[in-house]
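Asker:
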Amino acid sequence: MSTPNTRGLAYAGGVGYAMWQRSLLELARVKGGLLPTTIAPIIFLLGITGQFGDLSSLPGFPTDSYINRLIPL
Numbered sequence: 003m004s005t006p007n008t009r010g011l012a013y014a015g016g017v018g019y020a021m022w023q024r025s026l027l028e029l030a031r032v033k034g035g036l037l038p039t040t041i042a043p044i045i046f047l048l049g050i051t052g053q054f055g056d057l058s059s060l061p062g063f064p065t066d067s068y069i070n071r072l073i074p075l
């Protein structure tokens, strides 16, 4: 039998941190990579809000705006 891996989450956290650093360095190198990363979620948010925005007028809906339901700030 083999011994269990004792590094577990600490190792996975280190790998995640290294991947995060790598992606930040790539964004610093390739300036155009940031544009689709920020524009696509904004377009999806506006599309979903436009499609389901009238739900906020239903009685019992907790907020005045559907976008406040999606992004609770």
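First residue of the sequence shown: 3, per the numbering used here; consecutive thereafter. Every residue, glycine too, gets a C-beta built ideally from N, C-alpha and C.
Considering Cα atoms alone, identify which of G52, Q53, S67 is closest to S59.
Answerer: S67
Asker: Using DSSP with H/G/I as helix, E/B as strand and the rest coil, what is L75?
Answerer: Coil.
Asker: Alpha helix (DSSP H) containing L47: first to last residue?
Answerer: For L47, the uninterrupted alpha helix (DSSP H) segment begins and ends at 36 to 54.
Asker: Quick one: Cα of F63 to Cα of P43, how far?
Answerer: 24 angstroms
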